[in-house]
Structures are given as structure tokens and as C-alpha cells.
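Heads up: the structure comes next, in C-alpha cells.
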Amino acid sequence: MVSEADCLFCGIVAGRIPAEIVHETERTLAFRDVNPQAPTHVLVIPKDHHPTAAALAAADHGLADEVLRAAHAVAEQEGVADSGYRLVFNTGPGAGQTVFHVHGHVLGGRDLTWPPG
Ligand code: 5GP
Ligand code: ZN
Numbered sequence: 001m002v003s004e005a006d007c008l009f010c011g012i013v014a015g016r017i018p019a020e021i022v023h024e025t026e027r028t029l030a031f032r033d034v035n036p037q038a039p040t041h042v043l044v045i046p047k048d049h050h051p052t053a054a055a056l057a058a059a060d061h062g063l064a065d066e067v068l069r070a071a072h073a074v075a076e077q078e079g080v081a082d083s084g085y086r087l088v089f090n091t092g093p094g095a096g097q098t099v100f101h102v103h104g105h106v107l108g109g110r111d112l113t114w115p116p117g
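Heads up: the sequence shown begins at 1 in the UniProt record's numbering, then just goes up one per residue.
Set out below in C-alpha cells:
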């Protein structure tokens, strides 16, 4: 498993790696995805390191709730809450998770088809 010292998103939390931060609470951070897949594509993370959504929910359900609330706050701030947005937690390599610090993708601003690829 990637240690916190080597974790890309822990690096963003620590300010070692630059990111365009759009929302922050005491325990969560949201920043624009470097490779956006929609006009709005923001990643919402807990500042504490948990590798996956499943691990976060098991370890700290209060923090999991804060991440969900932060995601909706981002959608409202980005102006996509009313038109609709997608909140995605890729969980595990088979689902396409590449960064093992849990993050919710907030996607919006275009028509989103279902099911995703
Ligand atoms: P995953 O595939 O793990 O669900 O999503 C990881 C996301 O992190 C991808 O959408 C990817 O574009 C984004 N990403 C990877 N490296 C960086 C980075 O250094 N900065 C930012 N802002 N996003 C990143
Ligand atoms: Zn981390």
C-alpha cells in the first residue's frame, strides 16, 4: 500500500503538491482534477489518509458523511446541483481507482450517460 509520505493527495493536503483548491473544511479538501472529464470535475477528499471509500466508511463514518456533504457543497458552488451531477468513488483497481487516497469525483456541466463505461 502507498504510505502517506508517498501519497499524492496527502501531498496536496500538506501543500507540497500544487492544486486548484475550490472548497475546504477543517477535515475535507476539494480541488480540480488535473485531467477533467467534464466542465465541472472536482475531487473531494478527507484530509486524513484512507485508501478507499470502503476503508473510510469502516474507519470514520462521521468523516465519510463530511466528505459527502462537501461534495454537495462543491456541486452547489459550481452551479451544477440543480441540473444534476455525478458523484463517483472508484473503489479498487478493477473500477479504475489509480490514487489510493479516497476521493469522490464531482462531475457535472454536461449530459452524463448511464451506465458509465
Ligand atoms: P481515480 O482514477 O483514482 O478514480 O482518480 C484519480 C484522479 O486523480 C484522476 O481523475 C486524475 O486525473 C487525477 N489526478 C492524478 N494526479 C493528479 C494531480 O497531481 N493533481 C490533480 N489535481 N489531479 C490528479
Ligand atoms: Zn493520502
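Note that the Cβ used here is the ideal one computed from N, Cα and C, for glycine as well.
(message) Does the distance between the C-beta of F9 and the nearest non-hydrogen atom of the ligand MN fall short of 7 Å?
(response) Absence of the ligand MN is noted for the structure shown, with the ligand 5GP and the ligand ZN being the only ligands found.
(request) Let me know the alpha helix (DSSP H) ranges lying completely inside the UniProt domain "HIT" (8-117), each 4 residues or longer, listed in chain order. (result) Here the runs fully enclosed are 8-14, 53-59, 61-78.
(message) Using a Cβ-based criterion (distance less than 7 Å to any ligand heavy atom), does H101 qualify as near the ligand ZN?
(response) Checking every heavy atom of the ligand ZN against the Cβ of H101, one is found closer than 7 Å.
(request) Please indicate yes or no: does the CB of R4 lie closer than 7 Å to some heavy atom of the ligand ZN? (result) The sequence shown places Glu at residue 4, rather than the Arg named in the question. For E4, the CB falls within less than 7 Å of some heavy atom of the ligand ZN.
(message) Can you determine whether any heavy atom of the ligand ZN sits closer than 7 Å to the C-beta of H23, and answer yes or no?
(response) Incorrect: H23 has no Cβ contact closer than 7 Å to the ligand ZN.
(request) Determine the burial state of V42: buried for a count of at least 16 other Cβ atoms within 10 Å of its Cβ, exposed for fewer. (result) Of the residues assessed, V42 falls on the buried side of the cut-off, its CB having 16 or more other CB atoms within 10 angstroms.
(request) Check whether the Cβ of H61 sits closer than 7 Å to any heavy atom of the ligand ZN, and report yes or no. (result) Result no, Cβ not under 7 Å from the ligand ZN.
(message) Can you check which of these residues, V13, G11, V22, I12, is closest to Q77 by C-alpha distance?
(response) Residue V22 is the option with its Cα nearest to Q77.
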